[in-house]
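Per our numbering, the very first residue in the sequence shown carries number 655; after that it's consecutive. For each residue, glycine too, the CB sits at the ideal point set by N, CA and C. Since the structure is predicted, the reported quantities are computational estimates derived from the model, not experimental observations.
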Amino acid sequence: MPALTALIIVSWLLLSTASAADWQNGQGYRWQELKVPATGRTYLQRLPASATGITFTNYLSEDRALESSVRTSGSGVAAGDVDGDGWCDLYFCGMENPNALYRNLGNGKFEDVTARAGVACADQFSTGAVFADVDGDGDLDLLVNSVGGGSRLFLNDGTGKFTEATNCGLVRRFGSTSLALADIDGNGTLDVYVCNYATVKIEDRPNARFDSVMVNGRPVLTAIDGVPMTSPELTNRYFVDAERVVRELGEADILYLNEGNGKFKPVPWTEGRFLDEQGKALAKPPYDFGLSVMFRDMDGDLAPDIYVCNDLFPPDRIWLNDGHGKFRAMVEPHRAQYLALLDGRGFRRHQPRWV
């Protein structure tokens, strides 16, 4: 039995043996302390790198962190059987160091196969990754996100060797964090939703120079450090509030339709694919600070809906699927019920920056 499966079964057995009296009730949830009998054995123990063969460490120097605070949010891990031998392999994302793929040899032993697999991604600050069969050939392909480099796709030949699909349609810019996959339109292919945060935030540029003009008595930004506001990395992301303080928004997420054979097409936010709570087409994308996303059927109609967890002041987003790949924002108060346990929606003010 693969080690990951065994771990899940052991955890379920430990929890299932507790009586109803062991559960403590909270507002909308319950919890219990995990107890191991005094006479029992330890179910889980930390294994050293010398035993597992996994020596990966995610490294980020202070200098590179100071260039962009977004990089300090960390990186993810993907798990899946990439070579079809029945064992769950592990892929680790790195910031200032290359990513690493470890082949599971069984019995808690792993082998670093990054070089021959061709998935090091040494030229980027990697954030998130996922294994999924995106081209429908029966093996697990690899999607990798990065800060400033967007998303990349590596196609698996079935033996755990990968080739990057450089013309797959994925956008290679933005500060992409996590991603999720589901067949949103029922055509049998896995579509992809990519969360974007930001590549560099204005707080990382303490000496930024703002250019502006007065429009109807209010300042409107025209450039930051000489870069016009019409550039892709700045457009719709910065504005001046009533107190003449420059405010910053995140980067828009991207939903991709899978056209087959590992080809993707970005879905426009403003052409009727996404609707607001009143059922009207969005006038512009949500420029949020995207952290994490998942597909789940949240209204029981068997279609995968979208839940996006955002950082800072933007609210988390819940998009309900009509079953054909079109989404409508969940209407309050139903949305509030899903978000009642979240406490990260408060507005955190940035340091004032006067125009």
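- Annotated three-state conformation of Thr-711 is coil, per DSSP.
- For Leu-835, there is no enclosing alpha helix (DSSP H); the residue is part of the beta strand (DSSP E) that begins and ends at 830-836.
- Close CB contacts of Gly-760 within its chain, under the 7 Å cut and outside five residues either way in sequence, are with Trp-741 (chain order).
- For Leu-720, the three-state secondary structure derived from DSSP is helix.
- Glu-857 sits in a helix when the DSSP states are folded into three classes.
- Judged by their CB atoms, Asp-959 and Leu-945 are not nearer to each other than the 7 Å cut-off.
- The C-alpha of Ile-856 lies about 11 Å from the C-alpha of Arg-891.
- Approximately 20 Å separates the beta-carbon atoms of Phe-943 and Val-846; this is outside 8 Å, ruling out the contact.
- CA-to-CA, the gap between Gly-792 and Asp-737 works out to about 11 Å.
- Between the C-alpha atoms of Pro-939 and Asn-821 there is a straight-line separation of about 25 Å.
- DSSP, reduced to helix, strand and coil, places Ser-729 outside both helices and strands of the structure shown, so it counts as coil.
- The shortest CA-to-CA distance from Arg-757 to any of Asn-751, Gly-748 and Val-767 is the one to Val-767.
- Between Gly-782 and Leu-833, the CB-CB gap stays under 7 Å.
- Rounded to the nearest angstrom, the gap between the Cα atoms of Ala-719 and Glu-887 is 20 Å.
- Note: Gln-678 is bridge-paired with Trp-685 in the DSSP secondary-structure output.
- Assignment of Ala-771 by DSSP, reduced to helix, strand and coil, places it in the helix class.
- Here Thr-706 carries a helix assignment [DSSP, helix/strand/coil].
- According to DSSP, Pro-873 shares a beta bridge with Met-868.
- Looking at the DSSP output, Leu-807 shares a beta bridge with Leu-797.
- For Arg-757, the three-state secondary structure derived from DSSP is strand.
- Remark: three or more beta-carbon pairs, one from each stretch, lie closer than 8 Å, so the segment 910-928 and the segment 833-844 are flagged as touching.
- Spanning the alpha carbons of Thr-817 and Leu-809 requires a straight line of approximately 5 Å.
- Residue pairing by DSSP puts Asn-975 in a beta bridge opposite Phe-981.
- The segment 681-690 and the segment 704-723 do not touch, with fewer than 3 CB-CB distances between them shorter than 8 Å.
- Taken through DSSP and simplified to helix, strand or coil, Lys-919 comes out as strand.
- DSSP places Val-825 in no beta strand (DSSP E); its state is neither H nor E.
- The C-alpha of Met-952 is placed about 22 Å away from the C-alpha of Gly-680.
- A residue is called buried when at least 16 other Cβ atoms come within 10 angstroms of its Cβ; Trp-677 does not meet this threshold and is exposed.
- Each residue's CA atom was taken as its position, placing Gly-904 and Arg-863 some 19 Å apart.
- By the neighbour-count definition (other C-beta atoms within 10 Å, threshold 16), Ala-705 is an exposed residue.
- Collapsing the DSSP output to three states places Cys-747 in coil.
- DSSP, reduced to helix, strand and coil, places Pro-939 outside both helices and strands of the structure shown, so it counts as coil.
- DSSP lists no beta-bridge partner residue for Glu-925.
- For Glu-765 against Gly-707, the beta-carbon gap comes to about 6 Å, under 8 Å, which counts as contact.
- Comparing alpha carbon positions, the residue from Thr-889, Ile-838 and Ala-769 closest to Phe-949 is Ile-838.
- When the beta-carbon positions are compared, Val-773 and Leu-796 come within less than 7 Å of each other.
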